[in-house]
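Chemist: Reminder that position 421 of the sequence shown reads as 1040 in this note's numbering, one-by-one numbering, no gaps.
Even glycine gets a Cβ: it sits at the ideal position worked out from N, Cα and C.
None of these values were measured; they are calculated from a predicted model.
A single structure is presented below for examination.
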Amino acid sequence: MNTMTHRLQLSVRHTAFVAALCLASAAAAGAQPLEPGMHLLQPGSMVAHAFEGFRDGEKPAITLVRPATWQTQDAAAATLGRDAVYNWEVFLLGLQVPFETVDAAELGRGVSKHTRLLIVPGADALGDRQRRTLLRFTEKGGGLIVSGRLGALDERGRAVTDGLFVDLLGAEPVTRLPEQPFGLLHEIDARHAVSAGIEPGFRLNISVQRPLTGARPVSGRSLGTIRSYSGRDDDKLAGATLILANERGKGRVFWTRFQPQDVSRERDHQVNYQRLMVNAMAWVSRTPGISIAAWPEGRRSALAVAALPSVGFEPLGYLGGWTDFRGLLSRTSTPATYFLTSREAVAFPNFVAELHAEGEIALAGPSDDVISGMPSDVQGQRLAAARNEIGASGGLGVYPPGGFYDGNTVRAILEEGLAYLLLPSASSLSPGVVRWWDDVDYRAMRASTQPSDLPFLTQRTLPAAPAAEDPMAAPVMAMPLDPGVVDFPTRFSEIDRAGGLFVIPFYPEMHRSGSGPFRRLEETLLTARNSGTWIATLADIAQWWSRRSHVSVQVTEQDRSGVTIELVNDLDEPVEGITLLVHGKDGLEAEDLDGLSVDVETTDTAGSHHVVIRSLPPGSRRVRFAW
């Protein structure tokens, strides 16, 4: 064993030891530790990377740079840079990947020939030599991850406008943005290798950025949109992004305006941010990666039309708008989900029977009266009565009256065997889950009035979450809804870009043929049909999302010519239409090893391919990808 190999093995062992030490003390030190289950090779069950080469070299392939802001007069900038580097160190140690840390001054003298991935957090201040080094490194094929305002200052803290931002990121800096004094959200686009495994449209919660600056892509690729907490400034923030990916020369660059420590410590946000960083490490270093696409047959996005009842409308005014609406659906070959109340079912039994025959029937409660705030058994009885009045059997979707629900609503939906919940103002553009025990009403608990039980009334403790084997522990599928949307084309464009699900809220009683909302709905449906969007009922979308979650991917072998993956379907029946997104090099060839039928399709992104698997049987199957 030569000395360098011995050193590397010691380095890997040292990395694992220090990772454990750092993770144990991270809370006290201020860094966010690696999320459980996060892994360099597989940051999610539906994402896998062929990263083994990062552990095989004589020297680390990753270099982390301490920014020059440490040496400026700006104490706040120095603290941001120092904390950003520390958070990256904790993250890389947790991933157990060898890396070296160098000062910005050393970066000015060039980059080691062993470095495949260069990470420069807090890159606000860069000297002339460091700027030239970054440009040369990417031009020759290096992978670069940067954060901050990227060269807005020189090493002495003086403002610089030399075009580095545009040259490196393929984007123009945007400085005139309304300040967000309490923080902001960043909606992530899902249609890129860097966002693989992240729910389409997931909104990262980011702390205050001072000054708030962003970027507007020119040749680079925006990976999302800035959103204000209230939504009031969204129009002014439109077109600007805080996350960019760019190909420059033979290299690639990934940039975030914010630092690691700026992301919310809530688990969902940390999991998605850390997944974003692992994917970015793979993408900029051209490490082959495989992920499972969000929608069947590689569709760009998904769309569903939810016909909703209008509060206060009398039955006599109901049918006119519905005639126009159903004519539009027929002309555009659009299935729809009809959320009915018992008022319609009682007043128009023949009409409801026709809807049964042509589309999906769903439930909007027994009347216009809100059911939230009532005990679980009361809510369950009212939902069951409404289902019986409509005449439907089996699982139904539910839109609670007015969109108001609580933990007992979710519990009642589960107990009544209903299929999903249409959830206003969901946090992402994809189906999710809600759990009744997170917000259950104490009135659903049966407390005895015996004197011995009286302490319960004054010293009540919340019940523990149900055990996994308890059927009550099952969550309810939640479908996202933007209830106030009326500009359907604009919202569809945003959601289509993000690769998410657009559930169009439409009120047939209110909008007749020729009205503005009616015309905008027709325009959106035609655009979606032509753009390759999957248009389906909410039940079909919920079923797809649930079945897709039972499929996982893992890299089992790799060499210089390609990788072998294992796909696992843990259901007892096949899953149809699974599409793999394979990121690596041009000229992909797929070899079926276990009887799968696979079709390779190129995409509009260099080195990326769709691999469509028409039917994935239960159990595991292997596929070999070669370039």
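1) Ile681 by DSSP, collapsed to three states: which one?
2) Have a look at Gly762, Gly770 and Ile990 and flag the residue whose alpha-carbon is nearest the alpha-carbon of Ala680.
3) Do Gly1051 and Gly820 have their C-beta atoms within less than 7 Å of each other?
4) Which of the three DSSP states, helix, strand or coil, is assigned to Ser929?
5) Which residue from Gly839, Gly1226, Ser838 and Lys855 puts its Cα closest to that of Ile845?
6) For the candidate residues Leu895, Phe1137, Pro1094 and Pro1193, whose alpha-carbon lies nearest to that of Phe1107?
7) Just the Cα atoms here: how many angstroms apart are Ser910 and Ala697?
8) Curious, which full-length alpha helix (DSSP H) runs of at least 4 residues does the stretch 867 to 910 contain?
9) In whole angstroms, what separates the C-alpha of Leu1199 from that of Gly1016?
10) Might you give, ordered along the chain, the residues of its own chain that have their beta carbon closer than 8 Å to the beta carbon of Ala646, omitting 5 neighbours on each side?
11) My output table needs one value for His975: the three-state DSSP class, helix, strand or coil.
12) Alpha carbon to alpha carbon, how far is Ala983 from Gly1014? Give it in angstroms, no decimals.
13) Who are the Cβ neighbours of Gly858 in its own chain at under 7 Å, not counting the five residues just before and after it?
14) Just to confirm the assignment: which complete beta strand (DSSP E) runs, minimum length 3, are found wholly within the stretch 738 to 787?
15) If you count every other CB in all the chains shown that lies within 10 Å of the CB of Ala1004, and 16 or more means buried, which is it?
16) From the DSSP output, in three-state form, read off Ala1038 for me.
17) First and last residue of the beta strand (DSSP E) that includes Phe958?
18) With 16 as the cutoff for other CB atoms within 10 Å, does Asn1027 come out buried or exposed?
19) Please return the same chain residues whose Cβ sits closer than 8 Å to the Cβ of Phe801, not counting the five positions on each side in sequence.
20) Compute the distance between the beta-carbons of Trp1163 and Pro954, then report whether it is under 7 Å.
21) In this structure, does DSSP put Val716 in helix, strand or coil?
22) Which residues bound the beta strand (DSSP E) around Leu1186?
23) Apart from the five residues just before and just after Phe873, which ones in its own chain have a Cβ nearer than 6 Å to its Cβ?
24) Would you report the Cα separation of Ser841 and Arg1241, rounded to the nearest angstrom?
25) How about Pro686 and Ala742: do their beta carbons lie closer than 7 Å?
26) So, does the stretch 1026 to 1046 touch the stretch 941 to 950, judging by three or more C-beta pairs under 8 Å?
27) Below 7 Å CB to CB, which residues in the same chain sit around Ala1161 once its five sequence neighbours on both sides are set aside?
28) What is the residue span of the beta strand (DSSP E) that Val1217 lies within?
29) At what residues does the beta strand (DSSP E) containing Val997 begin and finish?
30) Between which two residues does the alpha helix (DSSP H) harbouring Leu1207 extend?
31) Roughly how many angstroms lie between the CA atoms of Asp702 and Gln880, to the nearest whole one?
32) Check the DSSP bridge columns for Asn969 and list the partner residues they point to.
33) Would you say the stretch 774 to 784 touches the stretch 794 to 808, given that touching needs at least three Cβ pairs under 8 Å?
34) Roughly how far, in whole angstroms, is the beta-carbon of Phe1244 from the beta-carbon of Gly1181, given that I think they are within contact range, below 8 Å?
35) Output needed for Arg918: all residues of its chain with C-beta closer than 7 Å, excluding positions within five of it in sequence on either side, in chain order.
36) Quick one: is Ser1047 buried, meaning 16 or more other Cβ sit within 10 Å of its Cβ, or exposed?
Modeler: In short, the structure shows the following:
1) Here residue 681 refers to the residue found at position 62 of the sequence shown. Ile681: strand per DSSP, three-state reduction.
2) For the purposes of this step, residue 680 is identified with residue 61 of the sequence shown, where counting begins at 1. With distances taken between Cα atoms, Ala680 lies closest to Gly762.
3) Mapped onto the sequence shown, residue 1051 falls at position 432. Mapped onto the sequence shown, residue 820 falls at position 201. Their beta carbons are not under 7 Å apart, which means Gly1051 does not touch Gly820 by this criterion.
4) Here residue 929 is taken as the residue at index 310 of the sequence shown, counted from 1. Here Ser929 sits in coil by DSSP.
5) Reading the sequence shown from its first residue, position 226 is the one you call residue 845. Out of Gly839, Gly1226, Ser838 and Lys855, Lys855 has the C-alpha closest to the C-alpha of Ile845.
6) For this step, residue 1107 is matched to residue 488 along the sequence shown. Comparing Cα positions, the closest option is Phe1137.
7) Here residue 910 corresponds to residue number 291 of the sequence shown, with the count starting at 1. Here residue 697 corresponds to residue number 78 of the sequence shown, with the count starting at 1. Distance between the alpha carbons of Ser910 and Ala697 is about 38 Å.
8) 886 to 903
9) Counting from 1 along the sequence shown, the entry for residue 1199 is found at position 580. Counting from 1 along the sequence shown, the entry for residue 1016 is found at position 397. Each residue's alpha carbon lies about 29 Å from the other.
10) Taking the first residue of the sequence shown as position 1, residue 646 is located at position 27. Residue placement at Ala646 cannot be trusted, given a pLDDT of 37 that sits under 50; the coordinates are not used to answer.
11) As a first step, residue 975 must be located in the sequence shown, where it is residue number 356. If DSSP states are grouped into helix, strand and coil, His975 belongs with the helices.
12) Looking up residue 1014 in the sequence shown gives position 395. Looking up residue 983 in the sequence shown gives position 364. Spanning the two alpha carbons is a distance of roughly 14 Å.
13) For the purposes of this step, residue 858 is taken as the residue at position 239 of the sequence shown. Within the same chain, Gly858 has close Cβ partners Arg835.
14) 762 to 766
15) For the purposes of this step, residue 1004 is taken as the residue at position 385 of the sequence shown. Classification of Ala1004: exposed, given that the 10 Å Cβ count is below 16.
16) Reading the sequence shown from its first residue, position 419 is the one you call residue 1038. Correct three-state label for Ala1038: coil.
17) Within the sequence shown, numbered from 1, the residue matching residue 958 stands at position 339. Residues Thr956 to Leu959.
18) By one-based count along the sequence shown, residue 1027 stands at place 408. Its Cβ being crowded by 16 or more others within 10 Å, Asn1027 is buried.
19) Position 182 of the sequence shown, counting from 1, holds the residue named residue 801. So the qualifying residues of the chain are Val827 and Tyr848.
20) Stepping through the sequence shown from its first residue, residue 1163 is reached at position 544. Stepping through the sequence shown from its first residue, residue 954 is reached at position 335. Their beta carbons are not under 7 Å apart, which means Trp1163 does not touch Pro954 by this criterion.
21) Here residue 716 corresponds to residue number 97 of the sequence shown, with the count starting at 1. The answer is coil: DSSP assigns Val716 none of H, G, I, E or B.
22) Within the sequence shown, residue 1186 is the residue found at index 567, counting from 1. From DSSP, the beta strand (DSSP E) with Leu1186 extends over Gly1181 to Asn1188.
23) Taking the first residue of the sequence shown as 1, we reach residue 873 at position 254. Only Ile764, Ala864, Ala899 and Val903 meet the Cβ criterion.
24) Stepping through the sequence shown from its first residue, residue 841 is reached at position 222. Stepping through the sequence shown from its first residue, residue 1241 is reached at position 622. Approximately 34 Å between the Cα atoms of the pair.
25) Taking the sequence shown and counting its residues from 1, the one referred to as residue 686 is at position 67. Taking the sequence shown and counting its residues from 1, the one referred to as residue 742 is at position 123. Going by C-beta atoms, Pro686 is nearer than 7 Å to Ala742.
26) no
27) Position 542 of the sequence shown, counting from 1, holds the residue named residue 1161. Ala1038, Tyr1039, Pro1050, Met1096 and Met1098, listed in sequence order.
28) Counting from 1 along the sequence shown, the entry for residue 1217 is found at position 598. Counting along the chain, the beta strand (DSSP E) containing Val1217 begins and ends at Val1217 to Thr1221.
29) The count along the sequence shown starts at 1 and reaches residue 997 at position 378. Not the beta strand (DSSP E): Val997 falls in the alpha helix (DSSP H), residues Ser995 to Ile1009.
30) Within the sequence shown, the letter at position 588 stands for residue 1207. Counting along the chain, Leu1207 falls outside any alpha helix (DSSP H), and DSSP gives it neither H nor E.
31) Taking the first residue of the sequence shown as 1, we reach residue 702 at position 83. Taking the first residue of the sequence shown as 1, we reach residue 880 at position 261. If you take the alpha carbons of Asp702 and Gln880, they lie about 7 Å apart.
32) Sequence index remark: in the sequence shown, residue 969 carries index 350 (1-based). The partner list for Asn969 (beta bridge, DSSP) is empty, contrary to what the question assumes.
33) no
34) Within the sequence shown, numbered from 1, the residue matching residue 1244 stands at position 625. Within the sequence shown, numbered from 1, the residue matching residue 1181 stands at position 562. That belief holds up - the Cβ atoms of Phe1244 and Gly1181 are roughly 5 Å apart, short of 8 Å.
35) Taking the sequence shown and counting its residues from 1, the one referred to as residue 918 is at position 299. Gly1151, Thr1152 and Trp1153, listed in sequence order.
36) Start at 1 with the first residue of the sequence shown, and residue 1047 comes out as number 428. Per the 10 Å Cβ criterion, buried.
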